[in-house]
Amino acid sequence: KLHMRRVDDLLAEYQNLSGGKLRVEQLDPQPDTDAEDAANLDGIRGQRMDDQNLYFGLAVSCIDRTATIPFIDPSQETMLEYEISKAISEVSRATKPVIGMMSGLPIAGEPQNPMAMMQGQQSAQPWVFYSQLAQSYEVKDLTLNPAKIDPEIDVLLVFHPANITPEAEFAIDQYVLQGGTVIACVDPMSVAAQMTGGGNPMMGGGGAPTASTLPTLLGAWGVSMSTQVVGDLNYQTTMSQGRQGLAVLTVPQEGMPQRDKDVITKNINSLTFFLPGGFTKTGSAGVAINSLVKSSDKSGLVDAMKASQLDPALSRTIKDPKSYDLVMHLKGNFKTAFPKGKPGEEEKKDEAKEGEKKEEEKKEEKPAALTEATKEGNVFLISDIDIFFDQFAYRVQRFGGMQMAQPLNGNSSLFFNIVDQAASSTHLIGARSRAAIARPFTKIKDLESEFTRKSGEKIEEKQKELDKVSEEINTLVQQRAQGDRVFMDSDLEAKIREGRAQQVSARKELRDMEKELKREKDKISGKATLYNVAAMPLLVILIGLGLFIKRRTSTRAR
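Going left to right, the sequence shown walks through residues 7 to 564 as the working numbering numbers them.
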């Protein structure tokens, strides 16, 4: 009931701040009623409790669009404000958000080649994350080197920009300066590029290069990325046959610095990176830079080729370990990475004929390139593209023409959390989850922890004794079962009875210790509650006595 009251208060706050644009309507879905049918149609799930369905969800509707929170989970209370704001943003848009796609790999799939069909070969299918993206958004496939990026694009996804031209970087630069949002996935050594036909420059192969970066933009944004990959002694992953993947990182929640505040990594348990690059802040861009995912402080840059071969000697090359950023969020008023204007324009001007008139030059001049931001821009940087590759992010099963994909880790959640937040509304970018409403009594926790530590040794000792007795009983029972005699040896039976008696006694002592521990915790909590309850009245009494004595003294003095 307390949680429901908080939700009601939050919805009332939304309604008051909307200026009449938002109306809150509460329905009680009793069985076999129109309200229950409406809840089911909106996708609100009934939770079975005491032989009846409990409905506690939220449907946000605007004209013919509806966004639903199927069940408002009390354990996810800190995320509720963001979820409501996101739902309102989704239904208030007349059209789907537009995602612009610049990619150096065929993530959208490839058209069927007639020659390949004759040979029985299948064309490349779209990556799973691309197919899922196209279900919720309007995806516009751009070339890797567009002359200009339409400002109407809500989010620009730059995926493995191998051999990107300065002109394309300039187009991205101008888009960001107009307040655009960019998600850039770069990679010093892409396994996916190799597996999908990427070329190896050392072997003279064709196809997409395995390395990609934004050489001009990263430096202007205050970030650098090495051509080597990050090896991590703490987060390295055990591969097949027990071999250690030093540069295959399984990053736990400890590697997500904003997990308690940023909705992007809030509910992600772990991420798996494959030969990722390492971002380093240079601090020269003048924009806010937040680290969303980091390697541990036992990391170093290692040779990409040796790392891909799982070279066991590679760990010894990490001499000066430190932490590297794997995913970053840059936000602020960016400055251009091209202060001289669009690349190649100066050369064109120099080649202009000397006899051209100044008036004609002015007519032909295009609008001047932006040098500073007109709006606040956002850039998300990810140092690995392999984390979204089908084989590393999903367990894919195909049934005829249907495809079912189940996430293997939190990689796909990371991607869609970023996209959803960036595309829903600029106001939601960088949104923080609401601080926990329930505030713990830290002093009580400290006292309980201290008592638990002191008594824990005794409990642990008694538990070991109980385990030892149980093991002895199991051994005796096995001996009895393996015996050839029909009648048991009386000594063996006596030992089993004695062992079971010791087992019962040990369990009783263990329960008594645990009860004593609970009593002490309750005593500590009771004292703290008493002090909190009694402190304020006592303070009021003392202040009253002080004022009374002061007045009494001043009256006598007169």
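No residue lacks a Cβ here, since even glycine has one placed at the ideal position from N, Cα and C.
| Item | Value |
| --- | --- |
| Going by DSSP in three states, E2 sits in which element: helix, strand or coil? | Residue 2 is absent from the model: the chain starts at 7 and stops at 564. |
| For M231, collect the residues of the same chain with a Cβ closer than 8 Å to its Cβ; drop the 5 residues on either side in sequence, then sort them by chain order. | V192, P194, T219, L224, G283, G284, F285, T286 and S389 |
| With distances taken between CB atoms, is the gap from W133 to D309 smaller than 8 Å? | no |
| Report yes or no: is there a C-beta of chain D within less than 8 Å of the C-beta of I90? | The question asks about chain D, but that chain is absent: this structure has only one protein chain. |
| Taking a contact to mean a Cβ-Cβ separation below 8 Å, would you say V161 touches D392 in this structure? | no |
| Alpha carbon to alpha carbon, how far is Q82 from E42? Give it in angstroms, no decimals. | 24 Å |
| My understanding is that N273 touches H335, with C-beta atoms under 8 Å, so please give their C-beta distance in whole angstroms. | That belief does not hold up - the Cβ atoms of N273 and H335 are roughly 17 Å apart, past 8 Å. |
| Between I50 and T72, which are expected to be in contact by the criterion C-beta below 8 Å, what is the C-beta distance as a whole number of angstroms? | That pair is no contact at about 11 Å. |
| What did DSSP end up calling R322 once you bin it into helix, strand or coil? | helix |
| Which of helix, strand or coil does DSSP assign to T559? | helix |
| In whole angstroms, give me the CA-to-CA distance for V97 and V546. | 53 Å |
| To the nearest angstrom, report how far apart I479 and E522 are at their CA atoms. | 28 Å |
| When the Cβ atoms of the segment 179 to 187 are set against those of the segment 138 to 158, are three or more pairs found closer than 8 Å? | yes |
| Note down, in chain order, each residue of its chain lying with its Cβ closer than 6 Å to the Cβ of N423, except the 5 sequence neighbours on either side. | I270 |
| Does the separation of the CB atoms of S502 and L482 fall below 8 Å? | Inspection of the sequence shows that residue 502 is occupied by Ile rather than by Ser. In contact: I502 and L482 (Cβ atoms closer than 8 Å). |
| Would you check if the distance between the CB atom of E87 and the CB atom of L16 is smaller than 8 Å? | yes |
| Whole angstroms is fine: what's the gap from V13's alpha carbon to M85's? | 12 Å |
| What would DSSP say about I443, mapped onto helix, strand or coil? | Confidence at I443 is low in this model, with a pLDDT of 47, below 50, so the placement of that residue is unreliable and no value is reported for it. |
| What's the gap between the Cα of Q508 and the Cα of T243? | 44 Å |
| On the three-state DSSP scale, how would you describe H166? | coil |
| Helix, strand or coil: which one does DSSP assign to Q288? | What sits at residue 288 in the sequence shown is Thr, not Gln. T288: coil per DSSP, three-state reduction. |
| Nearest-angstrom Cα distance between A18 and K7? | 16 Å |
| Do S142 and S430 have their C-beta atoms closer together than 8 Å? | no |
| Are A226 and A291 touching if we call contact CB-CB under 8 Å? | yes |
| From the DSSP output, in three-state form, read off V293 for me. | coil |
| Check for me: the alpha helix (DSSP H) holding E31 runs from which residue to which? | Looking at the DSSP string, E31 is not in any alpha helix (DSSP H), and its letter there is neither H nor E. |
| If we ignore side chains and look at the alpha-carbon of each, how far apart do K304 and N275 end up? | 20 Å |
| Can you name the residues that DSSP bridges to K341? | E378 |
| From the DSSP output, in three-state form, read off T216 for me. | coil |
| With a Cβ-Cβ cutoff of 8 Å, do L148 and I105 count as a contact? | no |
| Considering S305, what are the terminal residues of the beta strand (DSSP E) in which it resides? | S305 to V308 |
| What is the C-beta distance between Q200 and T216, in whole angstroms, given that I count them as a contact (C-beta under 8 Å)? | 6 Å |
| Using only alpha-carbon positions, find the residue among P167, V145 and D79 that is nearest to M10. | D79 |
| Under 7 Å Cβ to Cβ from Q259, same chain only, skipping five residues before and after it: list those, please. | R265 and N275 |
| Helix, strand or coil for P573 per DSSP? | The structure shown does not extend to residue 573, since the chain is modelled only from 7 to 564, so the question has no answer here. |
| Buried or exposed, going by whether 16 or more other CB atoms sit within 10 Å of the CB of Q58? | exposed |
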